[in-house]
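Residue 1 is where the sequence shown starts when you use my numbering, and the numbers rise one by one after that.
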Amino acid sequence: MDSAARRARVPLALALATVLVTTAALLAALAPRAHAAVLTPVASFGTNPGNLSLYTYVPDGLPANAPLVVLFHGCAQDAAAYHRNSGWAQAADAGGFALAYAEQKTANNATRCFNWFEPGDVARDSGETRSVRSMVEHTVSAHGLDADRVYASGLSAGGAMVSEVLSAHPDLFAGGAVVAGVPAGCATGMLDAFTCMNPGRTQTPEQWGDRVRAKNPGWTGPWPRVAVWHGTSDTTVAPANGTGSVRQWTDVHGVPGSPTATESLPGSTTASYFGGPDAASAPVAHYTVSGLGHGTPVDPSSGCGTAGAYFLASVCSTGYTAQFWGLDGDPGPQPTGEPTEEPTGEPTEEPTEGPGECVRASNYSHVQAGRAVHRSGQAYALGSDDALGLWNVFVTTSLTETSPGHWENTPGAC
């Protein structure tokens with residue numbers, strides 16, 4: 001080939017290369033991007049005498065000193081199923097905190113239940129509770145999390161394990177949630193465990209409290225704040241266990257065994273607060289879901305979890321638990337009193353036409369957009385001051401602007 005022909009081919013080759021590079025870049029831009037936050041196995045996390053597995057979920061852009069929630073699945077479940085169905089992934093993304101899932105192995109328990117009934121697995125710094133401590137310490141260090149804001153939640157055997165780790169390591173956890181679980185120290189063996197589950201054991205509050213205190217003689221607190229969830233129709237773990245857990249933790253906290261206040265929530269749920277008037281202040285809360293069987297309460301209609309085996313469509317227990325702990329996506333401290341600017345009352349002009357814009361969104365979004373205000377953790381429609389419920393990203397309401405700047409609660413309108 002002569003030199004003239006070679007010179008003619010050079011621009012053509014460059015042009016073709018440019019087209020190929022441009023096309024590749026365009027295809028890459030159009031292709032779906034992988035989300036960095038995924039459930040990730042952790043091969044080694046330190047001392048692990050309980051032979052448990054650890055999986056973590058760390059949302060993108062998580063700031064330094066973010067909280068951590070440790071999660072325990074139920075029997076016959078695993079970390080992936082709990083992550084997929086429980087709603088904690090959505091809560092972590094919205095609230096800005098990390099998740100650590102403890103996973104049981106069949107080598108330890110044939111049905112993958114946590115061994116909450118084995119004394120060697122629930123004593124301080126022993127067996128499975130020691131493994132959990134390693135998980136917490138590793139995850140906090142690896143991701144720069146806040147060691148003073150570590151929480152635990154779990155279902156059934158996982159809920160029972162939450163009771164045990166809170167008792168064994170109250171210095172490690174700021175709060176916990178026992179979902180369809182049993183009080184700490186209820187059983188000392190597998191056969192004993194079945195009696196605990198159903199019909200349950202009857203103990204005085206002090207006797208239940210002593211089961212917790214016995215794990216840490218001399219520990220005077222602070223004790224973790226505890227939310228107890230139970231369905232009234234649970235035939236696997238009797239509802240008496242929810243009552244027992246409340247008796248246990250109110251005694252540990254030294255607060256009266258009668259609720260200071262009660263509140264009706266969606267999904268036929270009653271919230272009872274002990275030692276404080278609301279979720280923001282009470283050290284113990286009891287959430288009872290009328291007619292619910294054995295499982296984690298979820299609310300797929302609001303984007304909270306997915307219904308399935310032992311994930312029961314009713315109420316977003318995950319969202320209300322996060323709110324109880326103060327992990328509900330609030331960008332700053334909640335107000336300690338009334339807002340500086342209150343609605344002045346009814347608008348001076350009545351609307352001359354029918355209802356105007358209708359917006360369905362979370363109460364948090366309504367407040368951010370100026371359609372509502374919040375006071376002491378509750379949201380109220382701007383103008384009408386209609387009560388909307390808890391101020392968080394999980395409670396969804398419909399507001400209609402009936403006149404400029406005047407919004408009313410209109411359920412089902414949009």
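Ideal placement from N, C-alpha and C gives every residue a C-beta, glycine not left out.
According to the neighbour-count rule (16 or more other Cβ atoms, all chains shown, within 10 Å of its Cβ), is residue i buried or exposed?
| i | result |
| --- | --- |
| residue 215 | buried |
| residue 145 | buried |
| residue 67 | buried |
| residue 415 | Here the chain has residues from 1 to 414 only, and residue 415 is not among them. |
| residue 410 | buried |
| residue 404 | exposed |
| residue 170 | buried |
| residue 128 | buried |
| residue 115 | buried |
| residue 63 | exposed |
On the DSSP bridge assignment, give the partners of residue i in chain order.
| i | result |
| --- | --- |
| residue 185 | According to DSSP, which records beta bridges pairwise, residue 185 is partnered with nothing at all. |
| residue 72 | 102, 154 |
| residue 358 | 400 |
| residue 166 | DSSP lists no partner for residue 166. |
| residue 263 | 271 |
| residue 409 | 399 |
| residue 225 | 175 |
| residue 57 | 99 |
| residue 299 | 304 |
Which whole-angstrom value is the C-beta distance of residue i and residue j, which I expect to be below 8 Å?
| i | j | result |
| --- | --- | --- |
| residue 384 | residue 408 | 4 Å |
| residue 244 | residue 260 | About 20 Å; that fails the 8 Å criterion. |
| residue 196 | residue 187 | 5 Å |
| residue 179 | residue 155 | 5 Å |
| residue 86 | residue 298 | 7 Å |
| residue 286 | residue 272 | 4 Å |
| residue 95 | residue 310 | Not quite, the Cβ-Cβ distance comes to about 24 Å (not below 8 Å), so this is no contact. |
| residue 45 | residue 134 | 5 Å |
| residue 284 | residue 246 | 6 Å |
| residue 198 | residue 236 | 7 Å |
| residue 323 | residue 282 | Actually they do not touch by this definition, with Cβ atoms about 12 Å apart. |
Compute the distance between the beta-carbons of residue i and residue j, then report whether it is under 7 Å.
| i | j | result |
| --- | --- | --- |
| residue 240 | residue 200 | yes |
| residue 293 | residue 231 | yes |
| residue 130 | residue 49 | yes |
| residue 270 | residue 288 | yes |
| residue 177 | residue 321 | yes |
| residue 233 | residue 291 | yes |
| residue 400 | residue 413 | yes |
| residue 253 | residue 229 | no |
| residue 175 | residue 225 | yes |
| residue 325 | residue 151 | yes |
State yes or no: is the beta carbon of residue i nearer than 7 Å to at least one beta carbon in chain C?
| i | result |
| --- | --- |
| residue 44 | Of the protein chains in this structure there is only one, and it is not chain C. |
Any heavy atom of the ligand MG closer than 6 Å to the beta-carbon of residue i?
| i | result |
| --- | --- |
| residue 367 | Within the structure as shown, the ligand MG is missing, as the structure has no ligands at all. |
Is there contact here, the segment 161-168 with the segment 108-125, by at least three beta-carbon pairs under 8 Å? yes
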